[in-house]
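*Asks:* Residue numbers (the working numbering), protein chains in the order written: chain A, 881 to 1039; chain B, 881 to 1039.
Number of protein chains: 2
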Amino acid sequence: MPARPDPAQLAAWRLLLEVHATTTELLERELVAERGLPLSRYDVLLNLAEAPEGRLRMQELSASVLLSKSGLSRLVDRMVEAGLVRRERCQDDRRGWFAVLTDQGRSALRRAAPVHLRGIQEHFARHLEPVEVEVLTAAFSRVMAAARVAVGDGPAAGW
Amino acid sequence: MPARPDPAQLAAWRLLLEVHATTTELLERELVAERGLPLSRYDVLLNLAEAPEGRLRMQELSASVLLSKSGLSRLVDRMVEAGLVRRERCQDDRRGWFAVLTDQGRSALRRAAPVHLRGIQEHFARHLEPVEVEVLTAAFSRVMAAARVAVGDGPAAGW
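#1: Mark Q939(A) as exposed unless 16 or more other C-beta atoms lie within 10 angstroms of its C-beta, in which case mark it buried.
#2: Cutting at 6 Å between CB atoms, please list the residues of its own chain near Q889(B), excluding the five before and the five after it.
#3: Which same chain residues end up closer than 7 Å to A1042(B) when comparing Cβ atoms and leaving out the 5 residues on each side of it in sequence?
#4: Run through the DSSP bridge pairs and tell me what L979(A) is partnered with.
#5: May I ask you to list, following chain order, the residues of the segment 992 to 1017 of chain B that have a beta carbon less than 7 Å from some beta carbon of chain A?
#6: For S1021(A), decide whether its Cβ has a neighbour in chain B, counting only Cβ atoms nearer than 8 Å.
#7: Excluding five sequence neighbours on each side, which residues of the same chain lie with their C-beta closer than 8 Å to the C-beta of R915(A)?
#8: Go ahead and pull the three-state DSSP assignment for L917(A).
#9: L1008(A) and M1024(B) look like a contact to me (Cβ under 8 Å); what is the Cβ gap, rounded to whole Å?
#10: Would you mind stating whether R884(B) and L925(A) have Cβ atoms separated by less than 8 Å?
#11: Starting from E961(A), trace the alpha helix (DSSP H) both ways and give me its first and last residue.
#12: Taking Cβ to Cβ, would you say E1012(A) is nearer than 8 Å to V1015(B)?
#13: Which term fits Q971(B), buried or exposed, when burial requires 16 or more other beta carbons within 10 angstroms of its beta carbon?
#14: Report yes if the C-beta distance between L906(B) and H1003(B) is below 8 Å; otherwise report no.
#15: Please tell me whether E914(B) has its Cβ less than 8 Å away from any Cβ of chain A.
#16: Go ahead and pull the three-state DSSP assignment for L1008(B).
#17: If we cut at 8 Å on Cβ distances, does M1024(A) have a partner in chain B?
#18: By a C-beta neighbour count over all protein chains shown, 10 Å radius and 16 as the cutoff for buried, is R921(B) buried or exposed?
#19: Say yes only if the C-beta of L896(A) is nearer than 7 Å to one or more non-hydrogen atoms of the ligand SAM, and no if none qualify.
#20: Measure the alpha-carbon distance for R969(A) versus V960(A) and round it to whole angstroms.
#21: Measuring CB to CB, does L919(A) end up less than 8 Å from L947(A)?
#22: P885(B) by DSSP, collapsed to three states: which one?
#23: For A891(A), would you say it is in contact with chain B, using Cβ-to-Cβ distances shorter than 8 Å as the test?
#24: Kindly list, in the order they appear in chain A, the residues whose Cβ is closer than 8 Å to that of R884(B).
#25: Among the residues of its own chain, which have a CB less than 7 Å from the CB of S1021(A), if the five just before and after it don't count?
#26: By DSSP, does L911(B) sit in helix, in strand, or in coil?
#27: Where does S923(B) land, buried or exposed, given buried means 16+ other C-beta within 10 angstroms?
#28: Output yes if chain B places a C-beta closer than 8 Å to the C-beta of T903(A); else output no.
#29: Could you tell me which of I1000(B), V1029(B) and P1010(B) sits nearest to A1026(A), measuring between CA atoms?
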């Protein structure tokens, strides 16, 4: 195995970073303009909504969000202040607590979702042929399978 | 054009976010462990090194970095304190200033690059077949071409 990527691989990696930075910036801009909701808050709301009873331990939430792993605690604090999330103490672990989706949080997510999905379609999905979606999914699934092993090797095994 | 992505497209989008979050986390972890350099600093050093005379206006730097667009000003402040970057006033614009790569910054980049490139190979490139690299590059180039138009439509036209 060569120790470094060839120019085509490196160009693909840079493009991935560019696509990520640019599309998330566009999605953020539209979501803030139309719903007053930053993308990092959308990410938290979505992950809570997909969890049983709309609640996750902070550690679980940190493992599932994709945009604000660092600074998550402060982000959730601000969402509590905004009424989108509330805290609930763990019954079986006095030191731990859950982040729980409020009705207001669920409503904010419901209003934001069409704007967000339209943005994904407009800025990402519509530019890809079905076969490209298949190739990307297969390749990235392999990358993720290896990453889960690599992550498990390191200090952040919970993530 | 449908207003939302189909399930396969949405899964591909989520995978892109996951691959980005996970691989950058792995690259960050290795670069910090082996060279004491956060990935955001590497990103700044690399962009300055690729610029003429190793210097960029803050606005140009903000347009070129891919990881720390928000918080860039504080990041550069800390890199100035660490001796990796210095400030230089623009001669033709009294209010503006350049971020300039120092010898120490260039040396830090040179020592970090092999670790970073090895990580891209290990965690991303080696999992992709050459044809997948081609497909990804073609598809993402189209996404970026459209994004540049979309970004130009909005308030952040300089970016």
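Glycine residues also receive a C-beta, built at the ideal position from the N, C-alpha and C atoms.
*Replies:* To lay it out plainly:
#1: Sequence index remark: in the first sequence, residue 939(A) carries index 59 (1-based). Answer is exposed; the Cβ neighbour count stays below 16.
#2: Here the question's residue 889(B) lines up with position 9 in the second sequence. Contacts found: none.
#3: With chain B covering 881 to 1039 only, the question about residue 1042(B) has no answer from this structure.
#4: Along the first sequence, read from residue 1 onward, the residue named residue 979(A) stands at position 99. Sequence inspection shows Ala at residue 979(A); the Leu mentioned does not correspond to that position. Answer is L936(A) and R967(A).
#5: L997, R998, I1000, Q1001, H1003, F1004, A1005, R1006, H1007, L1008, E1012, V1013, V1015, L1016 and T1017
#6: As a working note, residue 1021(A) is residue 141 in the first sequence. Yes, S1021(A) lies at the interface with chain B (some Cβ there is under 8 Å from its Cβ).
#7: For the purposes of this step, residue 915(A) is taken as residue 35 along the first sequence, with counting starting at 1. Closer than 8 Å at the Cβ level, and outside the excluded window around R915(A), lie A988, R991, A992 and V995.
#8: As a first step, residue 917(A) is located in the first sequence; it is residue number 37 there, counting from the start. Of the three classes helix, strand and coil, the one that applies to L917(A) here is coil, per DSSP.
#9: For the purposes of this step, residue 1008(A) is identified with residue 128 of the first sequence, where counting begins at 1. For the purposes of this step, residue 1024(B) is identified with residue 144 of the second sequence, where counting begins at 1. Not quite, the Cβ-Cβ distance comes to about 12 Å (not below 8 Å), so this is no contact.
#10: For this step, residue 884(B) is matched to residue 4 along the second sequence. For this step, residue 925(A) is matched to residue 45 along the first sequence. Not in contact: R884(B) and L925(A) (Cβ atoms no closer than 8 Å).
#11: Counting from one through the first sequence, the residue named residue 961(A) turns up at place 81. Residues L952 to E961.
#12: Residue mapping note: residue 1012(A) aligns to position 132 of the first sequence, counting from 1. Residue mapping note: residue 1015(B) aligns to position 135 of the second sequence, counting from 1. Yes, the pair counts as a contact, with Cβ atoms nearer than the cut-off.
#13: The sequence position of residue 971(B) within the second sequence is 91, counting from 1. Classification for Q971(B): exposed.
#14: Counting from one through the second sequence, the residue named residue 906(B) turns up at place 26. Counting from one through the second sequence, the residue named residue 1003(B) turns up at place 123. Their beta carbons are under 8 Å apart, which means L906(B) touches H1003(B) by this criterion.
#15: Counting from 1 along the second sequence, the entry for residue 914(B) is found at position 34. No, E914(B) lies away from the interface with chain A (no Cβ there is under 8 Å from its Cβ).
#16: By one-based count along the second sequence, residue 1008(B) stands at place 128. Residue state, collapsed to three classes: coil.
#17: For the purposes of this step, residue 1024(A) is taken as the residue at position 144 of the first sequence. Chain B, which has a Cβ nearer than 8 Å to the Cβ of M1024(A), makes this yes.
#18: By 1-based counting over the second sequence, the position of residue 921(B) is 41. So R921(B) counts as buried.
#19: The ligand SAM is not among the ligands present in this structure, which contains no ligands whatsoever.
#20: By 1-based counting over the first sequence, the position of residue 969(A) is 89. By 1-based counting over the first sequence, the position of residue 960(A) is 80. Each residue's Cα considered, the two are about 14 Å apart.
#21: Counting from one through the first sequence, the residue named residue 919(A) turns up at place 39. Counting from one through the first sequence, the residue named residue 947(A) turns up at place 67. Yes, the pair counts as a contact, with Cβ atoms nearer than the cut-off.
#22: For this step, residue 885(B) is matched to residue 5 along the second sequence. Here P885(B) sits in coil by DSSP.
#23: Within the first sequence, numbered from 1, the residue matching residue 891(A) stands at position 11. It does; some Cβ of chain B falls within 8 Å.
#24: Looking up residue 884(B) in the second sequence gives position 4. Result: P994, L997, R998, I1000 and Q1001.
#25: Position 141 of the first sequence, counting from 1, holds the residue named residue 1021(A). So no residue of the chain qualifies.
#26: In the second sequence, the residue the question calls residue 911(B) occupies position 31. DSSP places L911(B) in helix when its eight states are reduced to three.
#27: Against the second sequence, residue 923(B) aligns to sequence position 43. It should be noted that the sequence gives Asp, not Ser, for residue 923(B). When all chains shown are included, D923(B) counts as buried.
#28: If you number the first sequence from 1, residue 903(A) lands on position 23. Yes - at least one Cβ of chain B is within 8 Å of the one on T903(A).
#29: Against the first sequence, residue 1026(A) aligns to sequence position 146. When each option's Cα is compared against that of A1026(A), the closest is I1000(B).
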